[in-house]
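Written out below as structure tokens is the structure these notes cover.
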Amino acid sequence: MAEHREPPAIVEGATTADVEDEVEQTAKSAEDRKAAAAMAALDARDEDTANKNVDQEAVSKAMSQLKTDSNVKKDVKKAVKVDAADVALLVDQLELAKPKATELLKQHDGNAVTAMRAYIAVQ
1 MAEHREPPAI
11 VEGATTADVE
21 DEVEQTAKSA
31 EDRKAAAAMA
41 ALDARDEDTA
51 NKNVDQEAVS
61 KAMSQLKTDS
71 NVKKDVKKAV
81 KVDAADVALL
91 VDQLELAKPK
101 ATELLKQHDG
111 NAVTAMRAYI
121 AVQ
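Written as structure tokens, this is what we have:
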């Protein structure tokens, strides 16, 4: 009988998470590769190796990219003016508390119709 051979990417006894940790993702651009190399050098345990491989410019770019990524993820609340009549309408028709009605209107840019449709669609 022929031996059953597994592809070289499969590691016997490893879970998917183990294999994913070992597989390095290819960077899309030269700048990304440079930043990834700098970050890998920071993770190096041997200080001599880390000092030799660190490119200060790449490290600063990688750190600034991390900062901008975290800033993008922050939920930005818009200053939306909510009409008191719209709040009263939602309180009356949907039987909501005023703060909940106000928040619902703010989420839908002050538009009472879309706020009511969204509330009903969720219910």
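In case it helps, UniProt numbering puts the sequence shown at residues 1 to 123.
C-beta: ideal position from N, C-alpha, C; glycine also.
query                                                                                                                                                                    : result
I need the DSSP call for residue 107, collapsed to helix, strand or coil.                                                                                                : helix
Which two residues bound the contiguous alpha helix (DSSP H) that contains residue 94?                                                                                   : 84 to 94
To the nearest angstrom, how far is it from the Cα of residue 62 to the Cα of residue 29?                                                                                : 13 angstroms
Less than 8 angstroms between the C-beta atoms of residue 116 and residue 90, yes or no?                                                                                 : yes
What's the call for residue 121, buried or exposed, on a 16-neighbour Cβ count within 10 Å?                                                                              : exposed
Suppose the cutoff is 7 angstroms on Cβ atoms and the five residues either side in sequence are ignored; what does the same chain contact list for residue 68 look like? : none
Compute the beta-carbon to beta-carbon distance between residue 101 and residue 87, rounded to the nearest angstrom, for a pair I have assumed lies under 8 angstroms.   : 5 angstroms
Buried or exposed: residue 80, going by 16 or more other Cβ atoms within 10 Å of its Cβ?                                                                                 : exposed
Taking 8 angstroms as the limit between beta carbons, can you name the residues of its chain near residue 103, skipping five residues before and five after?             : none
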